[in-house]
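Here the structure comes first, spelled out in structure tokens, and everything after it is commentary.
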């Protein structure tokens with residue numbers, strides 16, 4: 184492929200999928216320059232959108248509270264008193280039905296990693312932090328995203344607070360966490 188054709192290819196995929204030009208050039212230069220054997224596997228950047236409808240079942244209240252009230256709820260076992268977030272319909276330790284409890288929305292990072300690679304849905308947010316947060320008053324951790332200016336300042340033990348997107352859709356990404364000042 185000639186250089187001008189490669190540039191058009193890069194530009195098309197950048198505009199259509201939001202894939203950074205630097206990434207496209209780095210990952211596909213060898214392929215597009217013709218240096219790869221003709222029978223080698225061909226990798227093509229693409230985006231797949233699927234529309235479907237599903238139910239959160241017994242966890243529906245958790246997602247409604249995020250979307251409609253900007254509140255985080257957990258589930259407490261009436262027998263062993265363990266508190267889950269994300270909530271569970273039944274305690275995984277003693278199998279009793281749980282009860283809804285409001286949570287403060289503050290907690291501590293128990294584990295975290297900086298993400299430099301992701302799916303097309305999050306590529307414009309790179310780099311970002313995937314964190315395991317234990318909310319105050321809970322016994323288990325939840326996986327969530329952190330949104331911060333400087334990813335190097337987030338470590339295990341950092342105190343965090345929940346923040347909510349302006350446009351919420353009833354998904355786990357309606358809530359994210361940021362360091363407590």
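In our numbering, the protein residues as written are 184 to 364. In this text, a Cβ means the ideal position worked out from N, Cα and C, and glycines have one as well.
Shortest Cα-Cα distance from residue 329 to any of 228, 345, 190, 237 involves 345. For residue 270, the number of other beta carbons within 10 angstroms of its own is at least 16, and it is reported as buried. DSSP places residue 344 in the uninterrupted beta strand (DSSP E) bounded by 342-347.
Taking 8 Å as the upper bound for CB-CB distance, residue 309 and residue 286 are not in contact here, some 29 Å apart. For the options 321, 193, 220, the alpha carbon positioned closest to that of residue 212 is the one of 193. Contact check for residue 362 against residue 341 passes: the beta carbons are separated by less than 8 Å. Between residue 353 and residue 244, the gap from beta carbon to beta carbon reaches 8 Å or more. Straight across, the Cα-Cα distance linking residue 189 with residue 198 is about 14 Å. Each residue's CA atom was taken as its position, placing residue 200 and residue 320 some 41 Å apart. Residue pairing for residue 313: DSSP places it in a beta bridge opposite 296, 328. Per DSSP, the beta-bridge partners of residue 258 are 267, 283. One alpha carbon belongs to residue 312, the other to residue 301, and they sit about 11 Å apart.
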